[in-house]
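There are 2 protein chains.
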Amino acid sequence: MTPGARRALDAASTLFYDRGIHAVGVDLIAAEAGVTKKTLYDRFGSKEQIVVEYLAARDERWQAFLAPYVEAATTARGRILAVFDASRDWAGENSTKGCSMVNAHAEISDPAHPAYQVITGQKAWMLALFTALARDIAPRRAAKLGRTLMLLHEGALVAHGVGIFPDAIDQARDDAAALLRDGSRAAPTAGEKRR
Amino acid sequence: MTPGARRALDAASTLFYDRGIHAVGVDLIAAEAGVTKKTLYDRFGSKEQIVVEYLAARDERWQAFLAPYVEAATTARGRILAVFDASRDWAGENSTKGCSMVNAHAEISDPAHPAYQVITGQKAWMLALFTALARDIAPRRAAKLGRTLMLLHEGALVAHGVGIFPDAIDQARDDAAALLRDGSRAAPTAGEKRR
DNA sequence: GCAAAAGTAAACCGATCTGTCTACTCGCCC
DNA sequence: GGGCGAGTAGACAGATCGGTTTACTTTTGC
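In order, the protein sequences belong to chains A and B. Sequential numbering of the first sequence, starting at 2, is according to the working numbering. Sequential numbering of the second sequence, starting at 2, is according to the working numbering.
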């Protein structure tokens, strides 16, 4: 990626996240990056493509941010809680307005939009991660436990983003910790087959 | 509200929710409602005001939809689970793209925007509801339990909206049920004071 | 040392954006 | 029956949208 493209993508990322995708025009991105529109279109081809690369790059950054947290943990339970720790630290600097994927999803209605699979892919990856980590704790309930952790985590990102109450991600971490403490011996067959 | 204003607000609600606020122009709203732009501006004054009334009316509809569910429940635990039941039924018809408040929040950056307090007000109301219902089960842990239920509920709306996995709201209901079953006798002092 | 790649500057395109305006019609109520 | 509120039809405004183009300059790799 050329220096101009780099600056453009960085500027677009900040603007898209802070103001929303539709609210940010390509002229603003170019001006903010100190780049001309020609450079933008030479490098990316379209605004749509900038959006796609914004989301993909942000996901990549998040995964790189998360990895050491999980790797540093020594227990299965610790690896799960490490995800919440990483989210809390990430949210402090990068994510004061909630999940960029969820926010982008609010603005993109067409499932054929190339950004769509980036969004759903990121969520699928997170669910797979929680499920895989849950497998080390409760192999037979891993799918269900993974989904529960996913719900707590997504809820925390929303609560933090909208500012429903303070320290939402810490609260979710506490809830996950309690779940892994109590849940590992209770309600072994609840719900999975119901409904 | 005049018939023209009614149709305009209905059309705007569908369009805003499905396509996003910034993606929908006033011309489209007018055309879809079978109304002229003059009527729009005579009745609402600005697009911003249409957005505010869209969110406020949707919140009002949701509260009216929810009330009978909660009132019909006979136990404290049942009243909490009734919220999830209502959300599941509501989501089936009205809310296939997640929470309109969260989605609107993604597009509105300025906290001074008049829609902002509608959004945060709705979330504060839901948290207060969960907390009040939790008080009947565990008075001393009501604040914390209310927040946990809020996280599960918000997470379920996101999971349902983005389509992370099927029956997300049912899963959240199951998790809430398990929490009310196990949690009522476990971990009485966990986390509340911890950072 | 030279050619290709990457960039600037700025005009330009048609479409769409929010918002305003004039001119006219219809129904209702006192 | 006269006035008023609510509406249609549609032109108009200035700004901004995503995107293209021309002409020229800088950087960089072989």
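All C-beta atoms in this analysis are idealised placements derived from N, C-alpha and C, irrespective of residue type, glycine included.
Along chain B, in chain order, which residues have C-beta atoms closer than 9 Å to that of E108/A?
The sequence position of residue 108/A within the first sequence is 107, counting from 1. Going along chain B in sequence order, the residues near E108/A (Cβ under 9 Å) are R20, G21, I22, H23, A24, N104, A107, E108.
DSSP on G156/A, reduced to helix/strand/coil?
Indexing the first sequence from 1 puts residue 156/A at position 155. In this structure, G156/A counts as helix in the three-state DSSP scheme.
Can the beta-carbon of S101/B be found less than 8 Å from the beta-carbon of L153/B?
Numbered from 1 along the second sequence, position 100 holds the residue referred to as residue 101/B. Numbered from 1 along the second sequence, position 152 holds the residue referred to as residue 153/B. No; because the gap between Cβ atoms is not below 8 Å, this pair is not in contact.
Just curious, the alpha helix (DSSP H) that P140/A is in, first and last residue?
In the first sequence, the residue the question calls residue 140/A occupies position 139. Segment: none, P140/A is in no alpha helix (DSSP H) and carries neither H nor E.
Boundaries of the alpha helix (DSSP H) in which G46/A is found, first to last residue:
By 1-based counting over the first sequence, the position of residue 46/A is 45. Segment: none, G46/A is in no alpha helix (DSSP H) and carries neither H nor E.
Assuming the contact rule is C-beta atoms closer than 8 Å, R44/B and A13/B should be a hit. Round their C-beta distance to whole Å, please.
By 1-based counting over the second sequence, the position of residue 44/B is 43. By 1-based counting over the second sequence, the position of residue 13/B is 12. About 11 Å separates the CB atoms of R44/B and A13/B; that is not less than 8 Å, and the two are not in contact.
Do A74/B and D137/B have their C-beta atoms within less than 8 Å of each other?
Taking the first residue of the second sequence as position 1, residue 74/B is located at position 73. Taking the first residue of the second sequence as position 1, residue 137/B is located at position 136. Cβ distance not < 8 Å, so A74/B and D137/B don't count as in contact.
Using C-beta distances below 6 Å, list every residue in its chain close to I51/A, excluding the 5 sequence neighbours before and after it, in chain order.
Along the first sequence, read from residue 1 onward, the residue named residue 51/A stands at position 50. Once the five neighbours on either side are set aside, the close Cβ partners of I51/A are A13, F45.
Residue range of the unbroken alpha helix (DSSP H) whose run includes H114/A:
Against the first sequence, residue 114/A aligns to sequence position 113. Looking at the DSSP string, H114/A is not in any alpha helix (DSSP H), and its letter there is neither H nor E.
G5/B: first and last residue of the uninterrupted alpha helix (DSSP H) it sits in
Position 4 of the second sequence, counted from the first residue, corresponds to residue 5/B. Counting along the chain, the alpha helix (DSSP H) containing G5/B begins and ends at 4-20.
So, with DSSP's three-state summary, where would you put G164/A?
For the purposes of this step, residue 164/A is taken as the residue at position 163 of the first sequence. It is coil, neither helix nor strand.
Are the CB atoms of I170/B and M151/A within a distance shorter than 8 Å?
In the first sequence, the residue the question calls residue 151/A occupies position 150. In the second sequence, the residue the question calls residue 170/B occupies position 169. Not in contact: M151/A and I170/B (Cβ atoms no closer than 8 Å).
Please determine, among P112/B, K98/B, L181/B, Q172/B, the residue with the shortest C-alpha to C-alpha distance to L146/B.
Here residue 146/B refers to the residue found at position 145 when the second sequence is read from its first residue. Minimum Cα distance to L146/B is reached at L181/B.
Would you identify the three-state DSSP class for H23/B, choosing helix, strand or coil?
Working through the second sequence from its first residue, we reach residue 23/B at position 22. DSSP places H23/B in coil when its eight states are reduced to three.
By DSSP, does G122/B sit in helix, in strand, or in coil?
Locating residue 122/B in the second sequence gives position 121, where the first residue counts as 1. Reduced to three states, the DSSP call for G122/B is helix.
Report yes or no: is there a C-beta of chain B within less than 8 Å of the C-beta of A160/A?
Position 159 of the first sequence, counting from 1, holds the residue named residue 160/A. Chain B, which has a Cβ nearer than 8 Å to the Cβ of A160/A, makes this yes.
Neighbour flag for H114/B against chain A, beta carbons, 8 Å
The residue labelled residue 114/B in the question sits at position 113 within the second sequence. For H114/B, the closest Cβ of chain A is not nearer than 8 Å.
Which stretch, first to last residue, makes up the alpha helix (DSSP H) that contains A177/A?
Residue mapping note: residue 177/A aligns to position 176 of the first sequence, counting from 1. First-last of the alpha helix (DSSP H) with A177/A: 169-183.
Sequence-distant residues of its chain with Cβ nearer than 8 Å to D19/B (five each side left out)
Here residue 19/B refers to the residue found at position 18 of the second sequence. Cβ neighbours of D19/B beyond the five flanking positions: K98.
Proximal residues to T149/A (C-beta, below 7 Å), its chain only, five neighbours per side dropped
Locating residue 149/A in the first sequence gives position 148, counting from the first residue. Excluding sequence neighbours, T149/A sits near L180.
I'd like to check one pair, A68/A with A34/A: are the Cβ atoms closer than 8 Å?
Position 33 of the first sequence holds residue 34/A. Position 67 of the first sequence holds residue 68/A. Against a cut-off of 8 Å, the Cβ pair of A68/A and A34/A comes out as no contact.
Using a C-beta to C-beta distance shorter than 7 Å, which residues of chain B count as neighbours of L153/A?
Residue 153/A sits at position 152 when you count from the first residue of the first sequence. L152, L153, G156, listed in chain order.
Measuring only the C-alpha atoms, how far is A87/B from L29/B?
Position 86 of the second sequence, counted from the first residue, corresponds to residue 87/B. Position 28 of the second sequence, counted from the first residue, corresponds to residue 29/B. In a straight line, the C-alpha of A87/B is about 32 Å away from that of L29/B.
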